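Following: one structure in structure tokens, then a few remarks.
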Amino acid sequence: SRISIAIHGGAGTLLKGEMTKEKEQAYRTVLRQALESGYEILEKKGSSLDAVEQAVVIMEDSPLFNAGKGSVFTASGKHEMDAAIMEGKNLNAGAVSLITGIKNPIVLARTVLEKSDHILLAGQGAMDFARLHGFDFKKPEYFYDEYRHEQWNKIKGTENFQLDHTSSKDDKFG
Amino acid sequence: TVGAVACDRNGNLAAATSTGGMTNKNWGRIGDTPIIGVGNYANNNTCAVSCTGSGEFFMKAVVAYDVSCLMEYKNLNLKEATREVIFKRLPKIKGDGGLIAVDSRGNISMPFNTEGMYRGMKTSKTETMVAIY
Numbered sequence: 071s072r073i074s075i076a077i078h079g080g081a082g083t084l085l086k087g088e089m090t091k092e093k094e095q096a097y098r099t100v101l102r103q104a105l106e107s108g109y110e111i112l113e114k115k116g117s118s119l120d121a122v123e124q125a126v127v128i129m130e131d132s133p134l135f136n137a138g139k140g141s142v143f144t145a146s147g148k149h150e151m152d153a154a155i156m157e158g159k160n161l162n163a164g165a166v167s168l169i170t171g172i173k174n175p176i177v178l179a180r181t182v183l184e185k186s187d188h189i190l191l192a193g194q195g196a197m198d199f200a201r202l203h204g205f206d207f208k209k210p211e212y213f214y215d216e217y218r219h220e221q222w223n224k225i226k227g228t229e230n231f232q233l234d235h236t237s238s239k240d241d242k243f244g
Numbered sequence: 108t109v110g111a112v113a114c115d116r117n118g119n120l121a122a123a124t125s126t127g128g129m130t131n132k133n134w135g136r137i138g139d140t141p142i143i144g145v146g147n148y149a150n151n152n153t154c155a156v157s158c159t160g161s162g163e164f165f166m167k168a169v170v171a172y173d174v175s176c177l178m179e180y181k182n183l184n185l186k187e188a189t190r191e192v193i194f195k196r197l198p199k200i201k202g203d204g205g206l207i208a209v210d211s212r213g214n215i216s217m218p219f220n221t222e223g224m225y226r227g228m229k230t231s232k233t234e235t236m237v238a239i240y
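If you're matching them up, the sequences are chains F and R in order.
So for the first sequence, the numbering used here puts the first residue at 71; every next one is plus one.
So for the second sequence, the numbering used here puts the first residue at 108; every next one is plus one.
Below, the structure written as structure tokens:
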């Protein structure tokens, strides 16, 4: 079969007019890195499951995207992350939710798929499972990002929450 | 949110998605990402899907599995099924966002209905593409 990989870096992150040439180049560099690292696994006859995990790990390790290191702030000033992974061969899946301090949530989701009889683990229980399987936990400073903090400051203390994009309803179909 | 979908040499599909959620979120709010069949899904008989957008609407529309069902039950192809969901069904309930999907022949579709999209694709038959909308 033709080997293929596609990635996305979410919806939004920078507001209109904030995308400078330098930032655009930075985004393109990480997107390309993620793409190439996943594709290389496919080229070497590796599995699609390994390829998608690796591509997501590259993007989780970058502060530019709202996942892993670049996660946004919650109302209580923490970083709560979710992740899921699934393979089409046998419908095996693994997912984690409401986890904090984990450098690569997608790797924990894969561990749930491979080393538990469950599919979705959440909150403290998911973190206990991570500790059981030798995951190390990052300090909050690892997840700190000035831009994300500013995003949060603008709506901190209000009832508002913000997705990573300004949702505009006039048809931006593509 | 970040995500990836892939088809390997054996035609096996996989999908992975990871997110930091919403800025200033409260009450243990969970979006579509960790819910299999909503923000992330893979089935060798149809497609692998990874979504990004307003999670609440993706949950109401059960987006990822919806794409797979349209292929399985209505015999739509990947492009038709993904466009039906992102251009018609999701906007109907005021939902916004996008997805990336691949089928077991290695075709890729990446529709969206809102701004601020970061995408990339590479296959053994096409050029590498990285694009920002």
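Built from N, CA and C at the ideal position, the CB exists for glycine as well.
Computed from a prediction, not measured in an experiment: that's the story for all the values here.
Nearest chain F C-beta to N220(R) closer than 8 Å, yes or no? Counting from one through the second sequence, the residue named residue 220(R) turns up at place 113. Yes, its Cβ sits closer than 8 Å to a Cβ of chain F.
Going by alpha carbons, who is nearest to L206(R) out of I73(F), G79(F), S71(F), R72(F)?
In the second sequence, the residue the question calls residue 206(R) occupies position 99. Selected option, being the one with the closest Cα: G79(F).
- What residues from chain F crowd round A168(R), counting only those whose CB sits closer than 9 Å? For this step, residue 168(R) is matched to residue 61 along the second sequence. Within chain F, no residue comes near A168(R); the closest Cβ sits about 15 Å away, beyond 9 Å.
* Taking Cβ to Cβ, would you say V241(R) is nearer than 8 Å to A122(R)? -> This structure does not reach residue 241(R), given that chain R is present from 108 up to 240, and the question cannot be answered.
### Query
Can a CB atom of chain R be found closer than 8 Å to the CB of Q221(F)?
If you number the first sequence from 1, residue 221(F) lands on position 151. Yes - at least one Cβ of chain R is within 8 Å of the one on Q221(F).
Exercise. Can you tell which of E123(F), T90(F), P133(F), N136(F) has the C-alpha that lies nearest to the C-alpha of E157(F)?
Worked result: Here residue 157(F) refers to the residue found at position 87 when the first sequence is read from its first residue. Comparing alpha-carbon positions, the option among E123(F), T90(F), P133(F), N136(F) lying closest to E157(F) turns out to be E123(F).
* Asked: Can we say the segment 132 to 148 of chain R touches the segment 202 to 215 of chain F, given the rule of at least three CB pairs closer than 8 Å?
  -> Taking 8 Å as the limit for Cβ pairs, the verdict is that the segment 202 to 215 of chain F does not touch the segment 132 to 148 of chain R.
| request: Specify the secondary structure class of D210(R) as computed by DSSP and reduced to three states. | output: Here residue 210(R) refers to the residue found at position 103 of the second sequence. When DSSP states are grouped into helix, strand and coil, D210(R) belongs to the strand group.
**Prompt:** For the ligand HEM, is there a heavy atom less than 7 Å away from the beta-carbon of R201(F)?
**Reply:** For the ligand HEM, the structure offers nothing, since it holds no ligand at all.
Notebook entry, point to check: If contact means a Cβ-Cβ distance below 9 Å, which residues of the segment 121 to 136 of chain R contact chain F?
Noted result: Correct list: A121, A122, A123, T124, S125, T126, G127, G128, M129, T130, N131, K132, N133, W134, G135, R136.
(request) Quick one: measure Cβ to Cβ for V164(R) and G223(R), integer angstroms, because I've assumed they're closer than 8 Å. (result) Translated into the one-based positions of the second sequence, residue 164(R) becomes position 57. Translated into the one-based positions of the second sequence, residue 223(R) becomes position 116. It is Phe, not Val, that sits at residue 164(R) in the sequence shown. In fact, because the Cβ distance is near 16 Å, the residues do not count as touching under 8 Å.
If we define contact as Cβ-Cβ less than 8 Å, is P175(F) a contact residue for chain R? For this step, residue 175(F) is matched to residue 105 along the first sequence. Look at P175(F): its C-beta is under 8 Å from a C-beta on chain R.
Near I111(F), what residues of its chain come up, given a Cβ to Cβ distance below 7 Å and the 5 sequence neighbours on each side ignored? Numbered from its first residue, the first sequence carries residue 111(F) at position 41. Leaving aside the five residues that flank I111(F) on each side, the residues in its chain whose CB is nearer than 7 Å to its CB run, in chain order, D120, A121, Q124.
Under a three-way DSSP split, which group does I137(R) fall into? Translated into the one-based positions of the second sequence, residue 137(R) becomes position 30. Three-state result, I137(R): coil.
- Thinking C-alpha only, which one of Y109(F), D215(F), S107(F), A200(F) is nearest A179(F)? Mapped onto the first sequence, residue 179(F) falls at position 109. The shortest C-alpha separation from A179(F) is found at A200(F).
Short check: CB of S211(R) to CB of S71(F), under 8 Å? Within the second sequence, the letter at position 104 stands for residue 211(R). Within the first sequence, the letter at position 1 stands for residue 71(F). The Cβ atoms of S211(R) and S71(F) sit closer than 8 Å to each other.
Worksheet item: Over what stretch of residues does the alpha helix (DSSP H) that includes N147(R) continue unbroken?
Response: Within the second sequence, residue 147(R) is the residue found at index 40, counting from 1. Segment 147 to 149 is the beta strand (DSSP E) holding N147(R); no alpha helix (DSSP H) there.
Roughly how far, in whole angstroms, is the beta-carbon of N133(R) from the beta-carbon of A145(F), given that I think they are within contact range, below 8 Å?
-> Position 26 of the second sequence, counted from the first residue, corresponds to residue 133(R). Position 75 of the first sequence, counted from the first residue, corresponds to residue 145(F). That pair is a contact at about 4 Å.
Exercise. Taking C-beta to C-beta, are L101(F) and G227(R) nearer than 8 Å?
Worked result: Mapped onto the first sequence, residue 101(F) falls at position 31. Mapped onto the second sequence, residue 227(R) falls at position 120. Taking 8 Å as the Cβ cut-off, L101(F) and G227(R) qualify as a contacting pair.
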